[in-house]
Every structure is written in C-alpha cells, then in structure tokens.
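In terms of my numbering, the sequence shown opens at residue 789 and continues consecutively. Backbone N, C-alpha and C define an ideal beta-carbon position, used for all residues, glycine too. What follows is a single structure, written as structure tokens, with notes after it.
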Amino acid sequence: MKRGILLLVDNNLYHFCIFSDNVLATSVVINSTVSSADHPQQLVFHVVTDEVTYWAMTTWFLMNDFRGCTVEIRSIKEFSWLNASYSPLIRQLFQDSLKDQSGEMNFEDLRFGSRLNHLRFYIPQILPLLEKVLFLDDDIVVQKDLTPLYTLELHGNVMGAVETCLEAFHRFYKYLNFSNPIINSKFDPQACGWAFGMNIIDLIAWKKVNATAKYHYWQEQNADRMLWKAGTLSPGLLTFYGLIEPLDRRWHVLGLGYDSDIDDRLIESAAVVHYNGNMKPWLELAIGRYKHLWERYINFRHPSIRGCIMH
C-alpha cells in the first residue's frame, strides 16, 4: 500500500472519502471499489474515523493490502476547527447533552447527529487541496468501476446524485416540514429527492457557492428541530438545492437494508448497491438474499475475522 504524502493531494488520481467507525464495513467498501476498478493503484481513499476506532482502523489497513491503492486514516480529533463555535451541529449536540440530566444523548442523536455522519458537509475543509472526490457511505458495495464518474459533466453543479422520485415518498414534502414558512417560501414540496451514499463532488464548485455556509444556515434554522427531525439527507436537500446533477439510476441502487423485493436485474446492473435502512449486511437481521454481495469481499480465513460471528 503506497503511503506517499504527494499521492494524497494528487488531482490526477481518483480520490474517495469515507467517514466511519466500522472497520469491517469500511474494508468492504474499499475492497469492493478496488476489485471493480480497472486501475486500483490510481485510487486514493481518505478515511476519517473517531478517536476510539482510529488505531483499529489504522492497524487493519496496514496489515492488509488492497490491490496497491492508497489508504489514509485520520481521526476526527485532528479537526480542532470542528467545534461548537464553528459548527451549529456540534453546538446543538452539546446543548442537547446538557438538557439531558443523565448527560447522555439518545440513540437517535448518536446515530443521525453524530459528528462522523455530518462530516460530509465539511469535505472541502478536510481535503482542501483536492478538486474532485467521490463520497461513499460505509453501507455500500461497489460492483463496477467508478472512475468514469470523474469525467462526467456536472454542468456547474456541486454534486452528482441519483434521484429517488420514482416513489412519491421521496419527494421533498416527506423530508421537510412545509407548514413552516421558511421551508414553504423557498422550496417546492414536489421537488425530487436524491440519495447520499455515492456522490461525485466538484470541490471547486462547492467552494464557489460556499455550500458549507448554507449547511450551517439550515442547521441554525433547525435548532428547535421544527424543520426536520434527524439525519443528514434533509439538511443535504436544503444545502444542495439546485446544485445536484442527476445521475443514471444504475450508478446507485438503494434499499438493500429494508426492501426484500428489489429486482435482481436492477441489482446486477448497479455500479453501487446501498444497504440503507436498518437491516445492515453485518447484522443478523440482514436480508438474506443480499448478504452474499457484501460477504464476498470478506476473507473469512483472516484470523481477525474468524473471531467474529458473522452468521
């Protein structure tokens, strides 16, 4: 695994970012991506994890080779700028913890309000010298070469994403509170939703429109959680409104974490399959017919894996 510092900022290479505290899931994402790539040695992965997982994540990627790609592991602790004075989210999480007499945040806050989960809104600050990056969630499997996305014309937009408006429940009105005049006056309730999880991002365009400042604005407006309840998709829809380039749906097929009836042909044609939902492939409650797609990228003979109960 090449570790050269220059590779980490070389815009002639293909850069990916993953924000996760799940070592095995991150390993599957990277393994499936390089296994599907025509030139894996040209791929660079920027992984950010939490303080607790940092050494385990670092050790795993030092111990295992991923077809000559470059993997950088960083701890969120490095980002001293990500504090309550800069980020409305951090400020709100801190205030929420003070309101709770136990001093602990509930599960929903930890999962959907986690700092790692919201790092996707700070990618230019994390990778300031890069021009383009592909954002990947940790609950996906890559089945085809993703590098053609880097030459896709985004027409000045910040991000490429697969739209999800084939189903009515993925329209804006399902994610946002349109009884609030702030939302009602600025957005179309029938606007098409789109998917986080596999997104090509033009960081130059991002900086030009200052998308992070837009995200901060909407987080501040939602301090009382009256615009949306939780998660990153709702603030994403607001932040990148009018800045999304629609991708062919075969780039990113969703629902493997909740829908047991996805057409096999759609799954086979997908560049990326996404286990969004509660039935993650590493859990016992995973949907059985999709589990093999994830498990094929795990070496069950590895001594560290043999100690885990995966079935």
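Query	Result
Would you list the one or two residues that DSSP bridges to Arg-959?	Cys-980
Among Ser-1092, Thr-821 and Val-832, which has the Cα closest to the Cα of Val-797?	Val-832
How long is the line joining the alpha carbons of Ala-1058 and Asn-987, rounded to whole angstroms?	14 Å
Could you have a look at Trp-1006 and say whether DSSP puts it in helix, strand or coil?	helix
Excluding the five sequence neighbours on either side, which residues of its own chain have a C-beta within less than 7 Å of the C-beta of Glu-896, listed in chain order?	Unreliable positioning characterises Glu-896 in this predicted model, as indicated by a pLDDT of 45, which lies under 50. A coordinate reading is not provided.
For Thr-782, I'd like the list of residues in its chain whose CB is within less than 8 Å of its CB, leaving aside the five on either flank, ordered along the chain.	The structure shown has nothing for residue 782, since the chain only spans 789 to 1099.
Assuming the contact rule is C-beta atoms closer than 8 Å, Phe-867 and Ile-818 should be a hit. Round their C-beta distance to whole Å, please.	At roughly 22 Å, the Cβ-Cβ gap does not stay under 8 Å, so Phe-867 and Ile-818 are not in contact.
Please work out which residues of its chain come closer than 7 Å, Cβ to Cβ, to Ile-806, disregarding the five sequence neighbours upstream and downstream, and give them in chain order.	Thr-814, Val-817, Phe-833, Val-835, Leu-924 and Asp-926
To the nearest angstrom, report how far apart Ile-1114 and Arg-1053 are at their CA atoms.	With the chain covering 789 to 1099 only, the question about residue 1114 has no answer from this structure.
Less than 7 Å between C-beta atoms, sequence neighbours within five positions excluded: which residues of the same chain meet that for Ala-1074?	Met-1067 and Lys-1068
Would you list the residues sitting across from Tyr-1085 in a DSSP beta bridge?	None, per the DSSP bridge assignment.
Whose C-beta lies closer than 7 Å to the C-beta of Trp-982 among residues of the same chain, with five residues either side of it excluded?	Ala-949, Val-950, Glu-951, Thr-952 and Ile-1032
Is His-1062 closer than 7 Å to Ile-928 when the C-beta atoms are compared?	yes
Using DSSP with H/G/I as helix, E/B as strand and the rest coil, what is Phe-895?	Confidence at Phe-895 is low in this model, with a pLDDT of 41, below 50, so its placement is unreliable and no value can be given for it.
First and last residue of the beta strand (DSSP E) that includes His-834?	831 to 837
Output yes or no for whether 7 Å exceeds the beta carbon distance between Cys-857 and Pro-828.	yes
Is the distance from the Cβ of Tyr-874 to the Cβ of Gln-830 below 7 Å?	no
Tell whether a beta-carbon distance below 7 Å holds between Met-947 and Ile-911.	no
Taking a contact to mean a Cβ-Cβ separation below 7 Å, would you say Tyr-1003 touches Thr-1027 in this structure?	yes
Between Ala-844 and the ligand COA, is the CB less than 6 Å from at least one heavy atom?	Ligands in the displayed structure: none, and consequently the ligand COA is not present.
Taking the alpha-carbon positions, what's the Leu-934 to Thr-821 distance?	8 Å
Would you decide whether Ile-971 is buried or exposed? Buried here means 16 or more other CB atoms lie within 10 Å of its CB.	buried
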